[in-house]
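Here is the structure we will look at.
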Amino acid sequence: MEHVIGGKRIVLGLSGGIACYKVCDLASRLVRLGARVRVVMTGNATRFVGAVTLRALTGEPVYTDTFGAEEPGGIDHVRLAEFAELLVIAPATANILAKMAHGIADDLLSTTCLSCPAPVLIAPAMEARMWRHPATRANIELLQGRGVHLVPPTAGRLASGASGEGRLPDREVLVSHIAALLGGGSLLEGKTVLVTAGPTRERIDPVRFISNPSSGRMGFALAAAAARQGARKVYLVSGPVALPTPPDVERIDIGGAGQMLQEVQALAGRADLVFAAAAVGDYAPREASRHKIKKDNSEELILKLQRTPDVLAWLSSNRKKGAVVVGFAVETEREEEHARAKLERKGLDLVVLNNPTQPGAGFEVETNRVTVLGPDGFKRELALMSKDELADRLLELVIETQK
Ligand code: CTP
2 MEHVIGGKRI
12 VLGLSGGIAC
22 YKVCDLASRL
32 VRLGARVRVV
42 MTGNATRFVG
52 AVTLRALTGE
62 PVYTDTFGAE
72 EPGGIDHVRL
82 AEFAELLVIA
92 PATANILAKM
102 AHGIADDLLS
112 TTCLSCPAPV
122 LIAPAMEARM
132 WRHPATRANI
142 ELLQGRGVHL
152 VPPTAGRLAS
162 GASGEGRLPD
172 REVLVSHIAA
182 LLGGGSLLEG
192 KTVLVTAGPT
202 RERIDPVRFI
212 SNPSSGRMGF
222 ALAAAAARQG
232 ARKVYLVSGP
242 VALPTPPDVE
252 RIDIGGAGQM
262 LQEVQALAGR
272 ADLVFAAAAV
282 GDYAPREASR
292 HKIKKDNSEE
302 LILKLQRTPD
312 VLAWLSSNRK
322 KGAVVVGFAV
332 ETEREEEHAR
342 AKLERKGLDL
352 VVLNNPTQPG
362 AGFEVETNRV
372 TVLGPDGFKR
382 ELALMSKDEL
392 ADRLLELVIE
402 TQK
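Here the numbering used here is used: the first residue of the sequence shown is 2, the next is one more, and so on.
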């Protein structure tokens with residue numbers, strides 16, 4: 002399934018601010034989602050990042066000079082205006098906002114703004130005082146009054162070291178605004194996502210349990226990414242972890258595998274997309290002792306364990322019609338073979354294979370390196386990246402591979 006941004010033509014205008022470095026990543030992401038991106042940079046923007054960087058990331062010419070004529074025989078601002086299905090100004094400085102508001106056209110970017118008939122999205126980023134200044138407020142109002150779309154800056158630490166409103170929002174926030182303008186909504190729009198995360202605790206007695214070192218980070222990152230990317234509802238069914246609940250996510254805390262199953266049974270009928278990232282204990286004490294087990298004189302204690310329910314297998318065979326189910330596999334030998342067996346046995350759409358013995362991968366770290374496997378020999382090896390980044394990539398892959 003193609004992303005709504007796929008095949009779309011975007012002109013991305015950079016004005017001079019430190020957030021230019023983040024916009025390189027945005028440009029790269031838009032290209033990965035299938036867009037054609039042509040970049041226009043003001044002279045000041047080129048002091049923050051190089052045109053070469055953006056040319057390499059977009060594979061398209063980068064325009065920096067009104068009289069540079071990147072296109073043979075063309076007048077660049079006219080060609081750019083014709084090319085654009087959407088004009089995105091990010092970062093938008095107070096200066097470019099002022100020029101746009103007052104129709105000043107004294108460089109290629111401001112000239113393109115004036116001559117472009119496509120919808121315009123601005124993502125301002127600047128010092129908090131400049132953002133709050135009545136001149137900037139009035140310019141924003143003027144622009145919004147003319148139908149210019151705004152992604153407001155977020156609060157946080159600014160380049161000056163001070164804190165305040167003025168930061169460029171996260172890349173995925175920008176992508177979802179762009180997607181909304183280009184395609185009438187993100188692909189997750191209207192979708193309900195169910196994520197299982199963290200370890201389970203299988204009770205031995207009131208003060209002891211069997212568990213594992215899963216941090217929950219991968220599942221939490223997936224839930225956060227789904228919410229950020231515009232899912233209508235995100236449920237996160239999690240074992241005990243020390244992580245804050247991501248914004249716009251409904252978290253349901255569970256203890257053992259049995260309880261996790263009960264909770265997902267109540268939600269499965271609604272889920273369009275399921276990620277089973279929990280490290281569910283495979284065995285639990287047959288019976289949890291009602292009282293603390295006291296040691297006695299014997300040198301050993303025998304616990305009788307029994308299999309726990311397979312939450313993912315249940316979800317897979319009781320899924321809502323058309324729902325996509327993604328599982329995780331942790332393997333340390335004959336990885337692909339074992340993961341493919343899981344894919345088939347549990348009837349999954351994709352399985353994300355981890356090898357925790359590899360550097361940077363596994364349970365308690367912030368990064369991960371995985372291989373994603375699907376039916377018909379589908380295989381995609383992803384580079385080492387943060388779990389947040391990986392969550393975005395996995396959502397992308399689901400969109401790319403599912404009908
Ligand atoms: N899973 C689950 N419920 C279980 C066990 C696993 O939902 N009781 C899910 C996990 O969240 C993960 C996938 O199934 O998505 C892992 O599959 P599993 O076959 O249990 O893998 P391992 O625990 O690694 O098992 P094995 O002993 O087969 O290697």
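Idealized CB from N, CA, C, for every residue including glycine.
What are the boundary residues of the beta strand (DSSP E) that M42 is part of?
Element bounds for M42: R37 to M42.
If you scan the segment 284 to 341 from start to end, which runs of the alpha helix (DSSP H) of 4 or more residues do you find wholly inside it?
Segments of the alpha helix (DSSP H) lying fully in the segment 284 to 341: 312 to 318.
I need the DSSP call for M219, collapsed to helix, strand or coil.
In the structure shown, M219 sits in a helix (DSSP, three-state: H, G or I).
Where do the N-terminal and C-terminal ends of the alpha helix (DSSP H) with K1 fall, by residue?
Limits of the chain in this structure are 2 at one end and 404 at the other, which puts residue 1 out of reach.
D26: CB within 6 Å of a non-hydrogen atom of the ligand CTP
Incorrect: D26 has no Cβ contact closer than 6 Å to the ligand CTP.
Counting pairs of beta carbons, one from the segment 259 to 266 and one from the segment 224 to 235, are three or more of them closer than 8 Å?
Because the criterion of three Cβ pairs below 8 Å is not met, the segment 259 to 266 and the segment 224 to 235 do not touch.
Span of the alpha helix (DSSP H), counted from its first residue to its last, around V24
Start and end: C21 to R33.
By DSSP's criteria, E382 is part of a beta bridge. Which residues make up the other side?
E382 pairs with T372.
So I6 is in the alpha helix (DSSP H); what residue range does that whole segment cover?
I6: not part of any alpha helix (DSSP H); DSSP gives it neither H nor E.
A136 to P118 span [Cα, whole Å]
Those two C-alpha atoms are separated by around 25 Å.
Using CA coordinates, which residue listed in L13, D350, A126 and D26 is at the minimum distance from I19?
Minimum Cα distance to I19 is reached at A126.
Can you find the residues in the same chain that come closer than 6 Å, C-beta to C-beta, to F329, ignoring five residues on each side of it along the sequence?
Taken in chain order, the residues that qualify are A278 and V353.
Taking just the CA atoms, how far does A285 sit from R204?
Between R204 and A285, the C-alpha separation is close to 7 Å.
Starting from L274, trace the beta strand (DSSP E) both ways and give me its first and last residue.
Where L274 is concerned, the enclosing beta strand (DSSP E) stretches over L274 to A277.
From this set, V235, N356, I211 and V196, which residue's C-alpha is nearest R218's C-alpha?
Of the candidates V235, N356, I211 and V196, the one whose C-alpha sits nearest the C-alpha of R218 is V196.
Say yes only if the C-beta of V373 is nearer than 6 Å to one or more non-hydrogen atoms of the ligand CTP, and no if none qualify.
The answer is no for V373.
What's the call for E173, buried or exposed, on a 16-neighbour Cβ count within 10 Å?
Of the residues assessed, E173 falls on the buried side of the cut-off, its CB having 16 or more other CB atoms within 10 angstroms.
What first and last residue would you give for the alpha helix (DSSP H) that runs through D77?
D77: member of the alpha helix (DSSP H) spanning D77 to F84, first to last residue.
Alpha helix (DSSP H) segment containing N418, residue limits
This structure cannot settle anything about residue 418, because the visible part of the chain is limited to 2 through 404.
Per-residue DSSP class, three states only, for I90:
Taken through DSSP and simplified to helix, strand or coil, I90 comes out as strand.
Grab me the residues of A327's own chain with a C-beta within less than 8 Å of its C-beta, minus the 5 sequence neighbours each way, in chain order.
Correcting the residue identity first, residue 327 is Val in this sequence and not Ala. Its chain contains L274, V275, F276, A277, L349, D350, L351, V352, V353, L395 and V399 as the residues whose beta carbon lies nearer than 8 Å to that of V327, once the 5 sequence neighbours on both sides are disregarded; these appear in chain order.
Buried versus exposed call for T201 [16 or more other C-beta atoms within 10 Å across all chains shown]
T201 is buried by the Cβ-count criterion.
Let's test the definition: count the other Cβ atoms within 10 Å of the Cβ of T112 and tell me whether it reaches 16, buried, or not, exposed.
Per the 10 Å Cβ criterion, buried.
Supposed close pair A280, N213 - CB separation, criterion 8 Å:
About 5 Å; that satisfies the 8 Å criterion.
Could you check whether A93 and L175 sit closer than 7 Å to each other, using their CB atoms as the reference points?
Cβ distance not < 7 Å, so L175 and A93 don't count as in contact.
Confirm the yes/no value for this check: CB of A324, any heavy atom of the ligand CTP, distance under 6 Å.
The nearest non-hydrogen atom of the ligand CTP is 6 Å or more from the C-beta of A324.
Look at the Cβ atom of C25, then the Cβ atom of V50, and state whether they are nearer than 7 Å.
Yes, these two residues count as a Cβ contact at 7 Å.
Residue environment, R291, which counts as buried when at least 16 other CB atoms sit within 10 Å
Flag for R291 reads exposed.
In three-state DSSP terms, what is D389?
In this structure, D389 counts as helix in the three-state DSSP scheme.
So which of V121, A91, G231 and K192 has the shortest CA-CA distance to E28?
The amino acid at residue 28 is misidentified as Glu; the sequence shows Ala. The shortest Cα separation from A28 among V121, A91, G231 and K192 belongs to A91.
On the criterion of 16 or more Cβ atoms from any shown chain inside 10 Å, does S318 qualify as buried, or is it exposed?
The residue is exposed, with fewer than 16 neighbouring Cβ atoms inside 10 Å.
Measuring alpha carbon to alpha carbon, tell me which of E86, A340 and K293 ends up nearest F210.
A check of alpha carbon separations from F210 across E86, A340 and K293 identifies K293 as the nearest.
Inter-residue CB distance, E367 and K343 (contact presumed, cutoff 8 Å)
So it is not a contact: roughly 25 Å between Cβ atoms.
Buried or exposed for Q1, please, with buried defined as at least 16 other CB atoms from any protein chain shown within 10 angstroms of its CB.
Summary: the structure shown does not reach residue 1, with the chain confined to residues 2 through 404, and so no result is reported for it.
Identify whether V53 lies in helix, strand or coil by the three-state DSSP scheme.
Helix.
Beta-carbon within less than 6 Å of I253's beta-carbon, same chain only, minus the 5 sequence neighbours each way: which residues are those?
Around I253: V238 and E264.
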